[in-house]
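This note's numbering applies: residue 936 is where the sequence shown begins, and numbers increase by one.
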Amino acid sequence: LGEYLGVSRVFFCEVDDAKSTLSIRSDWTCNGLVSEAGETRLLDSFGAASLAELRCGNVYANDDVAVDLRTATPKDSDAKINIRASLAIPLIKAGQLTSILNLHQIEPYHWTDEDIVLAQDMAERTWSAVEIFRAQAELKAERDQSRYILDSMEDGFGLVDRHWCVQ
936 LGEYLGVSRV FFCEVDDAKS TLSIRSDWTC NGLVSEAGET RLLDSFGAAS
986 LAELRCGNVY ANDDVAVDLR TATPKDSDAK INIRASLAIP LIKAGQLTSI
1036 LNLHQIEPYH WTDEDIVLAQ DMAERTWSAV EIFRAQAELK AERDQSRYIL
1086 DSMEDGFGLV DRHWCVQ
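Laid out in structure tokens, this is it:
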């Protein structure tokens, strides 16, 4: 996605509402940007208004953080990580903000409708793949635990139905 759109950084961050944090597990960068992988930040780093929009499932597009009224302050977190334009695609599952796909650019950049649709599609597809992977990992862990229990039993057992027939 980053290469296709010609942006400088792309990453997913997972939201932890209980801790009011977001975690970046991995990212893709170019143009000399430092990786943000492994970083944990406060949700407030998006700013109250932007975070409210994301929680509602609305896309946050900022073509130039230096002039946009939502971010044109000296304490702006975007300026601290050397970006000038950002796009944030929220993923809402079961009414909760679960993750955010972020795209960054080191120069001002106008996010087109096509950019946004492509990023939204990528966010949904990636999140679906993550959910499938996690479900498979949970099933494997359950299978391994059941196998361990059965392999370590010293006594045998059998199953019977309600008519006392061995299954």
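In this text, a Cβ means the ideal position worked out from N, Cα and C, and glycines have one as well.
Contacting residues, own chain, Cβ-Cβ under 6 Å from residue i (five flanking each side not counted)
i     : result
D1056 : none
R990  : L1032
F947  : S1034 and L1036
W1062 : L1026
D1003 : N997
W1046 : A996 and L1022
R1082 : none
CB of residue i within 8 Å of CB of residue j, strictly
i     : j     : result
Q1040 : V942  : yes
Y1044 : A1072 : no
A1054 : L936  : yes
Any C-beta of chain B under 8 Å from that of residue i
i     : result
I1024 : Absent from the structure: chain B. Only one protein chain is present.
Nonlocal neighbours in the same chain, by C-beta distance under 8 Å from residue i, ignoring five residues either side
i     : result
I1051 : V994, A996, L1022 and I1024
V934  : Because the chain here runs from 936 to 1102, residue 934 falls outside it and cannot be looked at.
S955  : L977, L978 and D979
R1005 : G982, A984, S985 and N997
A972  : F946, I959, R960, S961 and D962
CB-CB length for residue i against residue j, believed under 8 Å
i     : j    : result
G992  : I959 : Contact doesn't hold; Cβ gap of about 21 Å is too wide.
L1038 : V945 : 5 Å
Residues of its chain near residue i, where Cβ-Cβ distance is below 7 Å and the 5 sequence neighbours each way are ignored
i     : result
A1058 : I1024, L1026 and L1036
E988  : Y995
D999  : R1019, A1020 and P1043
L1085 : none
Where residue i falls: helix, strand or coil (DSSP)
i    : result
L936 : coil
Note to self: Extract the residue ranges of the beta strand (DSSP E) inside the region 942-972, only unbroken runs of 3 or more that lie entirely within it.
What the structure shows: Fully enclosed beta strand (DSSP E) runs of 3 or longer: 944-951 and 956-964.
Q. Taking only runs of the alpha helix (DSSP H) that begin and end inside the region 969-1052, which ones reach a length of at least 4 residues, in chain order?
A. For the region 969-1052, the full-length alpha helix (DSSP H) segments reaching 4 residues or more read 983-990 and 1012-1015 along the chain.
Start-end ranges of the alpha helix (DSSP H) lying completely within the region 1045-1102, minimum 4 residues: Counting only runs of at least 4 residues, the region 1045-1102 fully encloses the following alpha helix (DSSP H) elements, listed from N- to C-terminal order: 1048-1087.
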